[in-house]
Structure formats: structure tokens, C-alpha cells
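Taking it in order: structure first as C-alpha cells, then the write-up.
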DNA sequence: TGTTAGCACTCTTTTATAACGAGTGCTAAA
DNA sequence: TTTAGCACTCGTTATAAAAGAGTGCTAACA
């Protein structure tokens, strides 16, 4: 087990390195107020901390930097829940200052503020519409060949898709068709839409509408993937200011990774609810092995909806970022719940 | 006026520099097949070309590189319309291979292919919906307080916005309201929507609906800015591979500029129809002073719709990029026209 | 008179060497 | 157990020299 002194020294080293990005030496440590031991003592302790695997050297005679294992320990055991300072609180609150209606806007703004506040990259996984319920389907024919299918959910989310009209269908039939769909499908969660259409609606339709099957498959197809939890980014270029990313190749790999939305989507999405910290190689992606990813989930009422994340260097201000994310995710949940409940 | 020999030498220098990114010396030039003069002769000509301002030296005893003025001349007078090679043609054609409905998808795919083909950054200004005409307005009430306004254009573009319902309005009124809007506004170009609502529709409404004015202003507000010509990007990180952008600060400035969509929007949008080449400082933005921007416009029938652009280093493969853009913009126009006409 | 060979000169890039300094590990004394 | 002291390591900085690519200019040449 670690002695109190070791803990103290370790904590100060990590804090110092997070601030300065420079390896921390025994002498500079001994000069700090909170540390009263001589540099030699500190050196001994540092050697021990290195042996446990909490510290590393960049070369034989350099100061120490925290290892990934060290960061892990720091995050898990040394982080006291810190008070956000007033400025940060204000900034976050400013997101909700204007009365914003669309969830997406709110989420987008959150991403922006978060990246400005931290100088890291923020990634927000937009509200999952998976469990939203259908409010209305509309079909707007554009001409004889094509029409737009529009679905609106109870949360005000709108999705649309163009589709081919079966040749020779008449306007009356389309109207009937839409009425039946609305009658039968209103209130159905989006993810069940597709199966419900075939199971429950097909039969009714066949009785009322002539070329219903061609129409049905077109529509069903359009409704297949309305589950678009979009990703929103803020401060994609912030990483370029971090000293650990002065290497163009590293930066390029990282940015390319970020640009690749499908991958990012998986990485963000797989996180469990609550706060989650992935450090360096824990991310499982080589482009991110010098990064840490902190995620927080938000929800409406009790249904988990989306994820806010901050991507920064492993040398990240864990404490502050975690506090920020906790605060923002709570506020976001509250705001969205209120928005949703009022409907 | 320039002699033929000077032209030849200048052209070879530019081509060589575009390929190699290295200053071109007299000796290496004299070794080329197409050039039969001695290095001394070439040196004399180079000195002249420098005097005119077409060439520059990076330092006293370096080889020459083209100046911005040089590139300008090169682009304006030395570029013979080059045949695209089969590969490029195939790649561009692949954009239109699948039967894609939504204009946006088509445009997005174009951006992607373009950046992959060139290894530069592509920027596509999506179809302008400004002159599209209203096909249908729908209003879907979500609850007593809020509703979604949806407009569909004759090109299949859908825009939606949430708005507050005036307290105490009833469903019948909303329906009447929508009917009147559709009656009066169908076929109206989107950009005139807002003014038309107040001029022509307000009076009729006032006669039929009680709390029409609150409703009207909410709706009109929602329809205010549906002119969203969105920007689509491809290969944002490609610049990082260009040797002239090995400098982190430069890269950061450029990427930050690109991320700032409003600015980019202005820069892209202001270009006249046809092919347009802006070289270095001509772009008028310091972050882009080592870049050239080549734009091409595309259209539906004869109405100019949007812009495709390639952003690369000033040392860009002008000839190839211009050919590509010409080719793609033509094809895109054809495809969109077909899509649109069929409606 | 236009072209070219030759040469001195310039400036960057590379290589080598030394000096510096921040930091360590170890030993021995307090 | 702590600490002062010291030899040693290694990255960084500074300096100098050498190499190399290229130029401009002069003078000879066709």
C-alpha cells in the first residue's frame, strides 16, 4: 500500500505535469510549499512509485511523468469532487439561458461551450430518438413518380425521405394510406415502426388500397433507419494547441479518426451511463493512445438518451473536466426533461 | 512579351515545383528532355522571369519557385484543357452510379470523392433552395404549447422548425390556418415566403381565425431562414499531408478557418459562375494565403444552384483539378436537372 | 550576338564537438 | 529515516566546419 507521503508526492507530480506538460524533477518538487522533504527523499519515493508502475521517465535522467496506470489510479482514488468555479458554472448555464426548442440545437450549443471552456475537443452524441414515439406520418407527393415521407415524433424530431411512387397510384389512395398509417402507428416507438407496419398495418391496407404492397415497401424502406443519433463536435482543432500534438503525423491520425464519424460513433456510444474515463490505450485505438476520453450520459426522465464526451491528451485536467461534464449532463437532462414533459 | 523559350522554361519550372514542392534549379532543368539549353542560358532566362515577377527565390542562392503572379499567369495562359484520365472519370461517374434521390446525398458524396481523388480539401455548397417553390406546409401540434412547422419544396427539400402555439388555440383553427397557407402560398419561391405571408395571407387569415396574429408571427418566424445552403466538406485533414503545412501554427489557422462555417460560406458563395481560381493572397484571408481555391458552379436547368470547390496549397495541380471540377460540375448539373425535371 | 563553360560566392543543410544543465542513483553521514 | 554530496546520464544548446545546391558574372565561343 502507498504511504501518505507517497500519495502526496504522486498527486503533486500528476497535478504539476497536467499543468506544465513537463517531466517533474525532485528538486522542483522539494521547492513546493506542500512538500517539506528534501529532494533526495523525494527521489527515493519517486523510485518506488516508478517501481509500482505509477510513474515513468522519458529518458534515464529525466524527471518523472505519470504512466497510464498512474493516471488510472489518480482518477480512481485521488480525485476529490471539486467545486466548479463560478465562471464555468455561468458558461454552462448560458447554454440554457435562451429558450431553445429543438433538442439538437441545445446539444450543439453544449458541444461548442464545452470545447471553448476546456480547450479540448468535445463530442456530443445527440438524443437517441430510438424510443421516441411516432406523432404523425405525412406523405407529400412531389409529382407522379416521387413523394416525400415525413415522420414527426412526440419529441418534435422530424425525419424525411424521398421515395418512388408506384406507377399509377392515385392521390386518394395515398391519402387513405396515410390515414391508416397514422391511425395504427401513432404512439408506436420508432424502433418498432418497421415491424409493426408489416405485422399490423399490411392487412388493413390490403383491404382498402389497390397497389398497396409496392407503396408499403417503399415507405417501410424509408422508415427503416430513422435512428440517427447524430454526433456533434466542438473544437476539433483544439488538439493542435496541445504540446503533445506538435507532431504532425500524430495530429493527422487523430483528426482523421475524429472525422471518421462511424468509428467515433461506436467509441462514444459504447460507454455505460454515468461518468466514464478511458485513458490512453484503454481507448483501444492507436490514434487515440495519447488521449483520454471522458464521457457522461444524459437522459430524459429516466431514459438514457445520449452522451457528452471530452477528448483531450492523457495529460488532461481530469478533475475539472469531470466536474464540468457532471454538471452539464445533469443540467442537460433537466432541461430536456422539462422540454419533453411539457408536451 | 515572353519568348517561347521563356514560356517553356517557366512552364516546366511550375510543373516541376507542383510535383516536387522543391525549388527548381537551372542544372536540374537542363537535364530534362524538353529543355535543350545549357544551365547558364536557363539561369539567364530565370533571372528575367524573376524580374517580371513570375519567379521567386527562397533565399539568395536557391532554385526558383513560382510567385503568385507566376501562378496567375500559368493558370490564365499556360493551362491547356487537359484530358482527365480514365480513372478519374470512373471515380466521378461512380457518384452517380447509384440512383440517389436526395440532392444533399449526391452533393455530399461528390465532396467525398473529390477530396479522395485530389488529396486536397473539398468544399461543396449545397443546392440553394432559395428559388425552390413551396410545395406544402404542414403543421403538426405536439401538445398544447408547441407545434412543428414543416415545409416541403418542389425539389423535395424539407425544412422544419418547432414553434410555440398561442395559448388556447384550437385544432380546427390550426387546420384552417394550414389550409389557407397552402392555398395561398403553394408555388411561391421560398425567398418570397415571408413577405407574401404578411402581404397577402394575413388579411384572409384575420377573417377566418381568431388568434391568428400570434400564430402568424410564430410561423413567419419559423419560415424566416429556410435558405440553408449547407456546406459539405471532404478531406479536411488532407492539408496535413502537404509539405507546406508541416508548420503546426499554419495548419491550425487554416483548419480553424475551415471549421468556421459562416466565413467559409461567404468565401465560397461569392464566386461567379463557371470555373474560378483564387491564388494565395487573392483569397483575402491570411489563413489562406498559402492556399489556392478553385471553384465551379453547378445548376439545375439554367438556375445557378451551388458551388463545388477545392482548397489546396498554391502549389496545386491546377490543370487536373480544373478538369475534374469542370467534369463534375457538368455531371452534377445534368444529374440534378434530370432529378428535378422528372418531377 | 546569343550561348555556354567556368568560377567565385552565397546560403542552407548536415555533421561533429563541446559545453551546459536538469535530473538521477547511490553512498555515507546526520 | 532523512538528507547532503557527488559522479554520471542524457537531452538540449551552441559553435564550427564541411558539404552541396544553386546563383551571378565574366569571358570565350560559334
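Protein chains in written order, with this note's numbering: chain A, 1 to 343; chain B, 344 to 686. Each residue gets a CB set at the ideal place from its N, CA and C atoms; glycine is no exception. Keep in mind the model is a prediction, meaning the values are calculated, not measured.
Assign residue i to one of two classes, buried (16 or more other C-beta atoms within 10 Å of its C-beta) or exposed (fewer than that).
i, result
"residue 198 of chain A", "exposed"
"residue 315 of chain A", "buried"
"residue 344 of chain B", "exposed"
"residue 90 of chain A", "exposed"
"residue 290 of chain B", "It is not possible to answer for residue 290 of chain B, since the shown part of chain B is limited to 344 through 686."
"residue 168 of chain A", "exposed"
"residue 45 of chain A", "buried"
"residue 115 of chain A", "buried"
"residue 4 of chain A", "exposed"
"residue 203 of chain A", "exposed"
"residue 179 of chain A", "exposed"
"residue 332 of chain B", "Outside the displayed span of chain B (344 to 686) sits residue 332 of chain B, for which this structure offers no information."
"residue 581 of chain B", "buried"
"residue 550 of chain B", "exposed"
"residue 160 of chain A", "buried"
"residue 390 of chain B", "exposed"
"residue 681 of chain B", "exposed"
"residue 579 of chain B", "buried"
Alpha carbon to alpha carbon, what distance is there between residue j and residue i?
i, j, result
"residue 686 of chain B", "residue 140 of chain A", "Since pLDDT at residue 686 of chain B reaches only 44, below the 50 mark, its modelled position is unreliable, and the value read off the structure follows with that caveat. Roughly 13 Å separates the two Cα atoms."
"residue 166 of chain A", "residue 492 of chain B", "28 Å"
"residue 25 of chain A", "residue 64 of chain A", "6 Å"
"residue 611 of chain B", "residue 440 of chain B", "27 Å"
"residue 172 of chain A", "residue 164 of chain A", "17 Å"
"residue 12 of chain A", "residue 331 of chain A", "32 Å"
"residue 154 of chain A", "residue 133 of chain A", "6 Å"
"residue 294 of chain A", "residue 304 of chain A", "17 Å"
"residue 15 of chain A", "residue 286 of chain A", "25 Å"
"residue 282 of chain A", "residue 43 of chain A", "29 Å"
"residue 28 of chain A", "residue 41 of chain A", "13 Å"
"residue 183 of chain A", "residue 73 of chain A", "56 Å"
"residue 670 of chain B", "residue 461 of chain B", "14 Å"
"residue 35 of chain A", "residue 8 of chain A", "8 Å"
"residue 104 of chain A", "residue 79 of chain A", "32 Å"
"residue 144 of chain A", "residue 217 of chain A", "17 Å"
"residue 220 of chain A", "residue 194 of chain A", "6 Å"
Could you tell me whether the Cβ atoms of residue i and residue j are closer together than 7 Å?
i, j, result
"residue 259 of chain A", "residue 313 of chain A", "no"
"residue 623 of chain B", "residue 465 of chain B", "no"
"residue 573 of chain B", "residue 469 of chain B", "yes"
"residue 396 of chain B", "residue 405 of chain B", "no"
"residue 136 of chain A", "residue 158 of chain A", "no"
"residue 325 of chain A", "residue 300 of chain A", "no"
"residue 196 of chain A", "residue 188 of chain A", "yes"
"residue 373 of chain B", "residue 363 of chain B", "no"
"residue 438 of chain B", "residue 453 of chain B", "yes"
"residue 366 of chain B", "residue 401 of chain B", "yes"
"residue 467 of chain B", "residue 353 of chain B", "no"
"residue 92 of chain A", "residue 277 of chain A", "no"
"residue 420 of chain B", "residue 248 of chain A", "no"
"residue 649 of chain B", "residue 471 of chain B", "yes"
Between which two residues does the beta strand (DSSP E) carrying residue i extend?
i, result
"residue 136 of chain A", "134 to 141"
"residue 465 of chain B", "464 to 468"
"residue 311 of chain A", "303 to 313"
"residue 641 of chain B", "634 to 643"
"residue 153 of chain A", "146 to 153"
"residue 163 of chain A", "158 to 164"
"residue 399 of chain B", "398 to 400"
Can you tell me where the alpha helix (DSSP H) holding residue i begins and where it ends?
i, result
"residue 458 of chain B", "446 to 461"
"residue 328 of chain B", "Since the first and last residues shown for chain B are 344 and 686, residue 328 of chain B lies out of range."
"residue 172 of chain A", "171 to 185"
"residue 231 of chain A", "No alpha helix (DSSP H) holds residue 231 of chain A; the beta strand (DSSP E) holding it covers 231 to 234."
"residue 279 of chain A", "Taken as a continuous stretch (DSSP letters only), residue 279 of chain A belongs to no alpha helix (DSSP H), being part of the beta strand (DSSP E) at 276 to 279."
"residue 433 of chain B", "429 to 438"
"residue 37 of chain A", "Neither: residue 37 of chain A is in no alpha helix (DSSP H) and is coded neither H nor E."
"residue 537 of chain B", "533 to 539"
"residue 100 of chain A", "No alpha helix (DSSP H) contains residue 100 of chain A, which DSSP labels as neither H nor E."
"residue 257 of chain A", "248 to 259"
"residue 358 of chain B", "347 to 363"
Is the segment 291 to 305 of chain A in contact with the segment 264 to 278 of chain A, if contact means three or more CB pairs nearer than 8 Å?
yes
Pairing CB atoms from the segment 288 to 296 of chain A with CB atoms from the segment 237 to 256 of chain A, are three or more of them under 8 Å?
yes
So, does the segment 79 to 86 of chain A touch the segment 318 to 335 of chain A, judging by three or more C-beta pairs under 8 Å?
yes
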